[in-house]
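Written below as structure tokens is the structure these notes are about.
Numbering (my numbering), first residue to last: 35 to 285.
What follows is the structure, given as structure tokens:
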């Protein structure tokens with residue numbers, strides 16, 4: 035009914051139920067996983083959201099009857115989660131942490147009133163391209179200007195963009211995709227490569243795996259956790275892997 039309501043309900047019902055069924059998308063799922071602290075509580079998902087990226091990544095059926103059957107009778111499997119700490123606050127994520135351009139896109143999507151799904155993401159993408167300026171971002175290993183950094187547990191974000199195409203939910207590693215600044219002429223190549231899951235081979239894309247990292251950014255930027263905006267912009271953040279933290283129902 036309001037932002038944070040799913041988190042409050044999950045916190046309450048984890049002590050009353052062995053399985054919580056989430057009806058919604060990635061944002062609702064994110065609220066729920068941030069509301070539970072019992073590893074023994076199963077989470078099932080009926081995907082009805084805008085992007086439904088984690089459902090697609092986990093092969094959760096989009097057909098209602100099939101999703102209901104899975105939620106009722108399916109087996110829970112241990113999956114990884116991530117934790118980001120920035121600006122004195124911490125938040126969990128199950129699919130992806132986005133830093134920079136994609137977080138701006140997520141923010142625009144949230145503010146659209148009349149558009150949903152891929153239409154909303156496409157419009158937000160175009161809008162953000164005109165206003166985003168890539169800051170310098172320093173990781174544990176190197177530094178340089180970055181268009182975005184995606185820290186993935188799941189492979190898909192933004193309703194169909196496979197920024198972390200090699201990600202697995204149970205390998206205890208983040209799949210990290212950093213896209214460095216590129217020209218407008220390179221933009222169509224990048225977009226096509228992402229949709230085809232081939233962008234890690236591009237010269238301005240870095241792709242690696244890691245279980246924890248620190249990132250310093252030259253100016254405050256937005257972050258999103260599973261499409262949910264982090265409360266504050268940040269310049270310093272720590273990201274930690276939580277292996278097998280959640281019991282999630284999937285085929």
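Think of the CB as a built atom: it goes at the ideal place given N, C-alpha and C, for glycine as much as any other residue.
Owing to the predicted nature of the structure, the values given are computational and were not obtained by experimental measurement.
- Below 8 Å, too few C-beta pairs join the region 135-144 and the region 110-125 to call them touching: fewer than three.
- The beta-carbon separation of residue 276 and residue 131, rounded to 12 Å, does not stay under the 8 Å limit for a contact.
- Residue 253 and residue 109 have their C-alpha atoms spaced approximately 44 Å apart.
- In the assembly as shown, residue 284 is a buried residue. Its beta-carbon has 16 or more other beta-carbons within 10 Å.
- Around the CB of residue 280, 16 or more other CB atoms lie within 10 Å, so the residue is classed as buried.
- Between residue 105 and residue 55, the gap from beta carbon to beta carbon is short of 9 Å.
- In the DSSP annotation of this structure, the continuous segment of the beta strand (DSSP E) that includes residue 79 starts and ends at 76-81.
- When Cβ pairs closer than 8 Å are counted between the two stretches, the region 229-249 is seen not to touch the region 96-103, the count staying below three.
- Between the alpha carbons of residue 187 and residue 143 lies a gap of roughly 22 Å.
- Around the Cβ of residue 173, a 10 Å sphere holds 16 or more other Cβ atoms; the residue is buried.
- Note on geometry: alpha-carbon atoms of residue 163 and residue 156 lie some 11 Å from one another.
- Here the alpha carbons of residue 245 and residue 204 stand approximately 12 Å from one another.
- Around the beta carbon of residue 81, 16 or more other beta carbons lie within 10 angstroms, which makes this residue buried.
- Taking residue 53 as reference, the option from 45, 59, 60 with the minimal CA-CA separation is 45.
- Taking the Cα positions, residue 194 is about 14 Å away from residue 184.
- Taking C-beta atoms under 8 Å as the contact rule, residue 260 and residue 128 qualify, at a distance of about 6 Å.
- When the five nearest sequence neighbours on each side are left out, the beta carbons in the same chain lying within less than 7 Å of the beta carbon of residue 178 are those of 170, 214, in order along the chain.
- Around residue 266, the same chain offers 121 as residues with beta carbons nearer than 6 Å, after the five sequence neighbours per side are excluded.
- Residue range 246-255 is occupied by the beta strand (DSSP E) that includes residue 248.
- The DSSP-derived three-state label of residue 270 is strand.
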